[in-house]
Structure formats: C-alpha cells, structure tokens
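Student: Residue numbers (the numbering used here): 939 to 1293.
#1: I'd like to check one pair, residue 977 with residue 950: are the Cβ atoms closer than 7 angstroms?
#2: With a floor of 3 residues, list each beta strand (DSSP E) that falls wholly inside the stretch 1137-1193, ordered by position along the chain.
#3: Please identify the residue among 1079, 1187, 1110 whose C-alpha is closest to the C-alpha of residue 1132.
#4: Kindly indicate which three-state DSSP category residue 1016 falls into: helix, strand or coil?
#5: Around the Cβ of residue 1285, are there at least 16 other Cβ atoms within 10 angstroms (buried) or fewer (exposed)?
#6: At what residues does the alpha helix (DSSP H) containing residue 1225 begin and finish?
#7: Could you compute how far the alpha carbon of residue 1075 sits from the alpha carbon of residue 975?
#8: Who are the near neighbours of residue 1031 in its chain, counting only those whose CB is closer than 6 angstroms to its CB and skipping five residues on each side?
#9: Would you mind working out which of 1054, 1127, 1068, 1262 sits nearest residue 1175, comparing C-alpha positions?
#10: Is residue 975 helix, strand or coil when you go by DSSP?
#11: My understanding is that residue 988 touches residue 1062, with C-beta atoms under 8 angstroms, so please give their C-beta distance in whole angstroms.
#12: Please return the same chain residues whose Cβ sits closer than 7 angstroms to the Cβ of residue 1193, not counting the five positions on each side in sequence.
#13: In whole angstroms, what is the alpha-carbon distance linking residue 1171 and residue 1267?
#14: Pairs of beta-carbons, one from the stretch 1102-1120 and one from the stretch 987-1003, closer than 8 angstroms: are there three or more?
#15: Write down the C-beta distance between residue 1228 and residue 1202 rounded to the nearest angstrom, noting that I regard them as a contact closer than 8 angstroms.
#16: For residue 1084 and residue 967, what's the separation of their Cα atoms in angstroms?
#17: Which value, in whole angstroms, describes the spacing of the CA atoms of residue 1098 and residue 1142?
#18: Just to confirm the assignment, what range does the alpha helix (DSSP H) spanning residue 1100 have?
#19: Using beta-carbon positions only, say whether residue 1232 and residue 1208 come within less than 7 angstroms of one another.
#20: Going straight from the alpha carbon of residue 1281 to that of residue 956, what length do you get?
#21: Looking only at DSSP bridge pairs, what is residue 1117 linked to?
#22: Taking 7 angstroms as the limit between beta carbons, can you name the residues of its chain near residue 1054, skipping five residues before and five after?
#23: Looking only at its own chain, which residues have a Cβ that is under 7 angstroms from the Cβ of residue 1087, when we skip the five neighbours before and after it?
#24: Out of 1089, 1069, 1090, which one is the CA nearest neighbour of residue 1080?
#25: For a test of the three-state rule: what should DSSP assign to residue 945, helix, strand or coil?
#26: Could you round the C-beta distance between residue 984 and residue 1064 to whole angstroms and report it? I think they count as a contact, below 8 angstroms.
#27: Measuring straight from C-alpha to C-alpha, what distance separates residue 972 and residue 941?
#28: Between residue 1264 and residue 1191, is the Cβ-Cβ spacing less than 7 angstroms?
#29: So what does DSSP say about residue 1052, is it helix, strand or coil?
#30: Return the residue from the list 959, 1057, 980 that minimises the CA-CA distance to residue 1006.
#31: Would you kindly work out how many angstroms separate the C-alpha atoms of residue 1270 and residue 1283, rounded to a whole number?
#32: Where do the N-terminal and C-terminal ends of the beta strand (DSSP E) with residue 1079 fall, by residue?
#33: For residue 1275, I'd like the list of residues in its chain whose CB is within less than 8 angstroms of its CB, leaving aside the five on either flank, ordered along the chain.
Here's what the structure looks like:
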C-alpha cells in the first residue's frame, strides 16, 4: 500500500495507522513499513548562528560557515602523488572533537581584527528529529506498507482492506492511496489476458473452421474447454488454493491441450467416414484407436506436473496453482472428451446424414 502526499508528517501518521488496520485484516501474516521506502526520522544536531553576536564581532555569515565546514567536512589543502596516482590531502578537525558538542563548540572562528572566538559563542546547538529517507515515485513523495499474505488470495484481501482503510483513515484530499506490488501486477496481467485470450481463441476458432469447414464441428471441439475448466476449478477448490495469475496460465495451457485432443478425435472421425465407414462404426473405432494417444498425453503431462503441485519450497506460490489446474483439468477433460465428445459427434452427424 503506497501513501502519497507532500506533508511528510501526514504521510508518516497515516502509514502508522494503515499498518494497524492492515494487521487486523484476515490473511495478513506480517505487516511492516517497506524497508526501501519507509520514512525514517533520525536525530540531527543543528548549530544555529546567532546573527546578533556575528554583527557584534563584525564576522560575516560566510566566514563563520566556512570555518565550520572546514573543521567538520574538511578542506583540500594539497595532493600526495604515488607514481601516476594522485591522492587529495584533506585537513579537518580530529574525530574525537567532531563527534561531541564540546569539541564542535570549540571550533575557532577568526575575528576581523585579530584573535579568535569559539564557535559556541556564535551559535546555539538545537537537537531535533529530521526525515533522513524520502522515497519518490514519478516525483511524488510516498511511503509504503508491505503486507505478506498467508492462506488468502490477493484480490479478496485488497477488497476487504480497501474498505477498512477508507473508513479508518479519513484521508484529506492531498493524501492519495495506491495498491501496488503483487496486486498491481495482478490487475495488469488481467487486463492483458482480457485482450490476449479472446483474440487467441478467435484465431484458433478461425483456423479450425477453415480446416474442418463446419461451424458445428468447430463448436463441438470448443466444448472440450468447459470440460477442462471444470476439473481445474474443482481441484483448486479441493486443495484450497486461490485463483492467481499462475492459475490463469494453467487454464490457458489446459485449453490448448483440450482443444488439441478434441481436434484429434473429430478429424479422425471424419477420416474414417471418408473411408466409407458408417457413422456408428467410425465413432466407436475412432475412439478406441485414439484412446491410447489421448490417455498418454494426459498421463505424461499430469505426471510431469506432480512435483510442482506438491512443492513447498521456493516458487511454490507460482508452481502449485498452475500444476493443480493442469492436473485436475486433464483428468476431467480426458474422461469427458472420450465419453461425451464421441456421443455429441454421433448425434450431430446423425442428424446431418438424415437430412
């Protein structure tokens, strides 16, 4: 959760409130300010010049600042050469004086006439907290709260958390919120898939239509997709795995396998009919002949995904949903493709032959 604004104190206040609210949402295993973008305050010691005293002693502000900078940061006074390498020589006050107030207050400042005066007579030390890290995104200041989820999907968590944040923070207009991270990636992927998947399915439909020359047979092949989707969804539910982008990728892969199996069966049925087989014999014989290739495809693919489906190590959150969808979908798609698809093909072609 990113919180944008110009007032750093307001951002920090709302980040702390948001952290408490997000902790109360179910599924949040750990909530903390993001280490990279967290607003941090550190104690800073300011030495404020007393301009009345500077005027009294006739010292220019620039001269006082130069003395302070030379003592604390150092001043380059020469170079040391070692062969062709040049090293600068920096003159500054010793660390034991620079790291304590008494030593800093003893920094000598030249008087215009003659003599010196210690820095403590010209300044007042003020200890205060100051923001030392400020994150920006597109030139806007912000701070982030990182949420690590357990046993809950990102979408449902954000839906619930958004309602609680909106009612619990009462943000002014100058403070804006943005849900980023994995949720933003999820929305971006959904937007892309919403365009890519329908376009791909349309291309596949057109190719199959040109290949078979029949709208009904093409639609019949596409009926294998719901068979596969059903198994993938059921297995996700059984294993209590939330829908995610990796699960969506699994459904896409599953769609391709299901359409391929349907295409193999329908094209072989058509081939047997062209050879002079009657419809019933063509359907039965074609199903039996193609039984082994279809089963082997499903078996080999499922076997390969089993290690991913039971993985608990690194990458398990990506691998398990994908493998679960593919395995579950292949089981139902294979069974229903070998049973329902031949039956539907028989009924469809029987009506056409009668006509």
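By construction, the Cβ of each residue, glycine as well, lies at the ideal position given by its N, Cα and C atoms.
Tutor: Put simply:
#1: For the pair residue 950 and residue 977, the CB atoms are nearer than the 7 angstroms cut-off.
#2: The qualifying runs do not exist here; there are none.
#3: Distance from the Cα of residue 1132 is smallest, within the candidate group 1079, 1187, 1110, for 1187.
#4: Of the three classes helix, strand and coil, the one that applies to residue 1016 here is strand, per DSSP.
#5: Residue 1285 is exposed by the Cβ-count criterion.
#6: Looking at the DSSP string, the run of the alpha helix (DSSP H) that includes residue 1225 is 1217-1247.
#7: Their Cα atoms are separated by approximately 10 angstroms.
#8: Setting aside the 5 residues that flank it on each side, residue 1031 is surrounded in the same chain by 1009, each with a C-beta closer than 6 angstroms to its C-beta; the list follows chain order.
#9: Comparing alpha carbon positions, the residue from 1054, 1127, 1068, 1262 closest to residue 1175 is 1262.
#10: In the three-state reduction of the DSSP assignment, residue 975 falls in the coil class.
#11: Between residue 1062 and residue 988 the Cβ distance is about 6 angstroms, and since that is below 8 angstroms, they are a contact.
#12: Within the same chain, residue 1193 has close Cβ partners 1163, 1166.
#13: C-alpha separation (whole angstroms): 8 angstroms.
#14: A contact between stretches requires three or more CB pairs, one per stretch, nearer than 8 angstroms, and the stretch 1102-1120 fails this requirement with the stretch 987-1003.
#15: Sure, about 6 angstroms apart at Cβ, within 8 angstroms.
#16: Going by the C-alpha atoms only, they are around 11 angstroms apart.
#17: Residue 1098 and residue 1142: Cα-Cα distance of roughly 39 angstroms.
#18: Following the DSSP letters along the chain, one finds residue 1100 inside the alpha helix (DSSP H) bounded by residues 1092-1107.
#19: Cβ atoms of residue 1232 and residue 1208: not closer than 7 angstroms.
#20: Rounded to the nearest whole angstrom, the CA to CA distance from residue 1281 to residue 956 is 58 angstroms.
#21: Paired residue(s): none; residue 1117 is not in a bridge.
#22: Hits under 7 angstroms: 1046, 1047, 1048.
#23: So the qualifying residues of the chain are 965, 966, 967, 1095.
#24: From the listed residues 1089, 1069, 1090, the smallest Cα separation to residue 1080 is found for 1069.
#25: In the structure shown, residue 945 sits in coil (DSSP, three-state: anything other than H, G, I, E or B).
#26: That belief holds up - the Cβ atoms of residue 984 and residue 1064 are roughly 5 angstroms apart, short of 8 angstroms.
#27: For the pair residue 972 and residue 941, the Cα-to-Cα distance works out to about 12 angstroms.
#28: Yes, they are a contact pair.
#29: Here residue 1052 sits in coil by DSSP.
#30: When only C-alpha atoms are compared, the closest one is 1057.
#31: A direct Cα-to-Cα measurement between residue 1270 and residue 1283 gives close to 18 angstroms.
#32: Run containing residue 1079: 1078-1087, per the beta strand (DSSP E) assignment.
#33: Excluding positions up to five away in sequence, the list reads 1162, 1165, 1196, 1199, 1200, 1203, 1232.
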